[in-house]
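S.K.: Before we start, here is the structure in question, set down as structure tokens.
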Amino acid sequence: MNVLLGVTGSIAAYKAAEITSRLTKQGHNVDVILTESGSRFITPLTFQTLSKNKVYMDMFEEITPSEVKHISLAKKADLVLIAPASANIIGKIAGGIADDFLSTVTMAAAGRAPIYLAPAMNTNMYENPIVQANIEKLKQFGYHFIDPKASLLACGDLGKGALADVDEIVDVILKALECEQ
């Protein structure tokens, strides 16, 4: 099965490498879209090495003249996972904004493949009524969420906002992929 993994700007981005590794070892193809902010936390080379695939970042990079890459990746995906999902990407998707490669592919994949988001951010950001309203809006449109956990966060705050455990994320995705077969 083909998993499209979106990685956004969060200290938890390094955990997406383990998600990539585990899904690949389970025999799934993983295509990674790394946002510019995400690339500040982890490099494309890490994902390229683990997935054995090109890592996508630039919406306007010409890959193959005969295909529109954000559409072809959306069509190829059996499932989309955004982990970590920042408040920014959640807000963009909820607002219908498609101004980077990840948000554009996600919009193109909606209705074609199940979309899972695993939020990771500071507790105050996660509990912000705007973020919560965006999450609820996306749930109403059929998006799935893997809730963050309460933990001591990188900023030193204690509360809900840490990326769910990698084991939990991978288990949820593997079960969802079984349902897609």
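Numbering (this note's numbering), first residue to last: 58 to 238. Every residue, glycine too, gets a C-beta built ideally from N, C-alpha and C.
Once the 5 residues before and after residue 169 are set aside, which same chain residues still bring their CB inside 8 Å of it?
M.R.: As a first step, residue 169 must be located in the sequence shown, where it is residue number 112. Taken in chain order, the residues that qualify are 131, 132 and 134.
S.K.: By DSSP, does residue 141 sit in helix, in strand, or in coil?
M.R.: Working through the sequence shown from its first residue, we reach residue 141 at position 84. Strand, per DSSP.
S.K.: Based on the DSSP secondary-structure assignment, which residues constitute the bridge partners of residue 59?
M.R.: For this step, residue 59 is matched to residue 2 along the sequence shown. DSSP output for residue 59 lists 86 as bridge partner(s).
S.K.: Relative to the C-alpha of residue 184, which residue among 81, 144, 209 and 223 is closest?
M.R.: Here residue 184 refers to the residue found at position 127 of the sequence shown. If we check each option's Cα against that of residue 184, 144 comes out closest.
S.K.: Can you find the residues in the same chain that come closer than 7 Å, C-beta to C-beta, to residue 75, ignoring five residues on each side of it along the sequence?
M.R.: If you number the sequence shown from 1, residue 75 lands on position 18. So the list reads 223, once near-sequence residues are dropped.
S.K.: Using 10 angstroms around the beta-carbon of residue 186, count the other beta-carbons present and answer buried if the total reaches 16, otherwise exposed.
M.R.: Here residue 186 refers to the residue found at position 129 of the sequence shown. Exposed, by the Cβ-count rule.
S.K.: Using the Cα positions of residue 100 and residue 198, report the straight-line distance between them to the nearest angstrom.
M.R.: For the purposes of this step, residue 100 is taken as the residue at position 43 of the sequence shown. For the purposes of this step, residue 198 is taken as the residue at position 141 of the sequence shown. C-alpha separation (whole angstroms): 32 Å.
S.K.: Identify which residue in 162, 153, 225 and 216 has its Cα closest to the Cα of residue 72.
M.R.: In the sequence shown, counting from the first residue as 1, residue 72 sits at position 15. Checking every option, the nearest Cα to that of residue 72 belongs to 225.
S.K.: Measure the Cβ-Cβ separation of residue 108 and residue 65 and say whether it is below 8 Å.
M.R.: Position 51 of the sequence shown holds residue 108. Position 8 of the sequence shown holds residue 65. Against a cut-off of 8 Å, the Cβ pair of residue 65 and residue 108 comes out as no contact.
S.K.: Round the Cβ separation of residue 137 and residue 80 to the nearest angstrom and send it over; I've been treating them as touching at under 8 Å.
M.R.: The sequence position of residue 137 within the sequence shown is 80, counting from 1. The sequence position of residue 80 within the sequence shown is 23, counting from 1. Their Cβ separation, rounded to whole angstroms, is 13 Å, which puts residue 137 and residue 80 out of contact at 8 Å.
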